[in-house]
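Encoded as structure tokens, the structure appears first; notes follow it.
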Amino acid sequence: MRLSARVDYALRAVAELAAAEAPRTVDQLSAAQNIPNKYLESILGELRRGGLLRSQRGPDGGYRLARPASEISIADVIRTLDGELANVRGNRPEHLEYVGSAAPLQVVWIALRASERAILEQVTLAHVASGTMPESVAALVANPSAWS
Numbered sequence: 000m001r002l003s004a005r006v007d008y009a010l011r012a013v014a015e016l017a018a019a020e021a022p023r024t025v026d027q028l029s030a031a032q033n034i035p036n037k038y039l040e041s042i043l044g045e046l047r048r049g050g051l052l053r054s055q056r057g058p059d060g061g062y063r064l065a066r067p068a069s070e071i072s073i074a075d076v077i078r079t080l081d082g083e084l085a086n087v088r089g090n091r092p093e094h095l096e097y098v099g100s101a102a103p104l105q106v107v108w109i110a111l112r113a114s115e116r117a118i119l120e121q122v123t124l125a126h127v128a129s130g131t132m133p134e135s136v137a138a139l140v141a142n143p144s145a146w147s
């Protein structure tokens, strides 16, 4: 799986928001996670338009999550910025048309998407903010081979 810098930055910023008790400004989020300010501004705007964040102007303003952190999954953030979790050349796996000996590749891509979904839809921003992962995710990373 390959995540863009944009998705990585977004996930780091929303993790900060999930852990925060008050709205956070772009400057605060940028400094906390060492993310370029202007780029982060653009990302947060997309997340706001996608319904994941709310913004508030004024001295006590900034960004905050639009829903409780326990209701926003990592998959939600990725889909808001990049669309489908798994695609091949911009196509959903079920829409691919492989022929001959390559035909079984479609099954592999669909299985890969299902596997990604199983993890990314299960892990919420509350999990990330608390540092406590669901048992199934913790079990996967407990295997030393997962780290190489």
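Going by numbering that gives the first Met the number 0, 131 is the number at position 132 of the sequence shown; the sequence numbering is gapless.
Even glycine gets a Cβ: it sits at the ideal position worked out from N, Cα and C.
If you reduce the DSSP assignment to three classes, tell me which class residue i lands in.
i	result
residue 61	strand
residue 123	strand
residue 52	strand
residue 147	coil
residue 23	strand
Give the single residue among the options whose Cα lies nearest to the Cα of residue i.
i	options	result
residue 83	111, 57, 98, 68	111
residue 80	39, 144, 125	39
residue 74	114, 88, 95, 89	114
residue 26	97, 51, 37, 44	37
residue 44	76, 103, 71	76
residue 122	95, 97, 69	69
residue 131	18, 104, 50	18
In whole angstroms, what is the alpha-carbon distance linking residue i and residue j?
i	j	result
residue 57	residue 86	41 Å
residue 22	residue 16	7 Å
residue 146	residue 1	16 Å
residue 42	residue 29	11 Å
residue 48	residue 107	33 Å
residue 143	residue 60	43 Å
residue 63	residue 127	16 Å
residue 53	residue 99	49 Å
residue 124	residue 89	27 Å
According to DSSP, residue i sits in a beta bridge with which residue or residues?
i	result
residue 90	87
residue 72	123
Q) Using 8 Å as the Cβ pair cut-off and three pairs as the minimum, do the stretch 133 to 145 and the stretch 117 to 125 touch? A) Below 8 Å, enough C-beta pairs join the stretch 133 to 145 and the stretch 117 to 125 to call them touching: three or more.
Q) Contact between the stretch 23 to 38 and the stretch 6 to 13: three or more CB pairs below 8 Å? A) At 8 Å Cβ cutoff, the stretches touch.
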